[in-house]
Amino acid sequence: MSDVNFLPGISNFSVYSPNSKETGYIEYNPHGKTDIHVEFTLTGLNQLKSSFYSFPKDFYIYVNLFKHLGGISSEVVSTAFFHCSEDLQSKDSFNFLCPLAIDAESDYIGDFIEDYYFLEIAFSENEVEDGSDLNFLYNHDHNKLIKTKLAFKKLDIKL
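According to our numbering, the sequence shown holds residues 91 to 249 in order.
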């Protein structure tokens, strides 16, 4: 049995604080909202075709920010999605910019092992409408385009 993969490629992936594009770290504000920008390019869009399948067809790209809680569970902190129509798929590639935010947590340790934030970019042929769609999106690795932890640098803000 053969396997067919209609996922687009991803390149030029970057996650940064909008006020500072310092490489490698996001400026975490323990006393206010932390803004994050996610930039990436979807590639190979005009190659997602097959004589056996009725492609191209619309799909969705979900950008999900999670917090991993002490090695036990994860919770969704922020999310955004993009609807990719057939018109978009006539292009070879397309650039995306996605703003996300984290609310302040003064007790956030940020040990990068058990208490950390991570980001996933996932593909779906359907718009998420209910809990079963969310479960599929969050818990199945075959639809993930990228998954990575986020490294923070705390802002030194005196109140």
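Even for Gly, the Cβ is constructed at its ideal location relative to N, Cα and C.
If you run the structure through DSSP and keep just helix, strand and coil, what is PHE172?
-> Looking up residue 172 in the sequence shown gives position 82. Of the three classes helix, strand and coil, the one that applies to PHE172 here is strand, per DSSP.
Write down the C-beta distance between PHE149 and PHE213 rounded to the nearest angstrom, noting that I regard them as a contact closer than 8 Å.
-> Start at 1 with the first residue of the sequence shown, and residue 149 comes out as number 59. Start at 1 with the first residue of the sequence shown, and residue 213 comes out as number 123. With 8 Å as the limit, PHE149 and PHE213 qualify as a contact, their Cβ atoms being about 6 Å apart.
Can you tell me whether DSSP reads GLY221 as helix, strand or coil?
-> Within the sequence shown, the letter at position 131 stands for residue 221. In this structure, GLY221 counts as helix in the three-state DSSP scheme.
Return the residue from the list LYS181, LEU240, GLU217, ASP201 that minimises the CA-CA distance to LEU190.
-> Numbered from 1 along the sequence shown, position 100 holds the residue referred to as residue 190. Per the Cα distances, LEU240.
Which two residues bound the contiguous beta strand (DSSP E) that contains ALA212?
-> As a working note, residue 212 is residue 122 in the sequence shown. First-last of the beta strand (DSSP E) with ALA212: 206-214.
Please check the pair VAL218 and LEU209, which I expect to be a contact at CB under 8 Å, by giving their CB distance rounded to whole angstroms.
-> Looking up residue 218 in the sequence shown gives position 128. Looking up residue 209 in the sequence shown gives position 119. That pair is no contact at about 17 Å.
Spell out a yes or no on whether the region 174-185 and the region 130-137 are touching, meaning 3 or more CB-CB pairs, one atom from each, closer than 8 Å.
-> Yes, they touch.
Are LEU235 and ILE100 closer than 8 Å when you measure CB to CB?
-> As a first step, residue 235 must be located in the sequence shown, where it is residue number 145. As a first step, residue 100 must be located in the sequence shown, where it is residue number 10. The answer is yes: Cβ separation under 8 Å.
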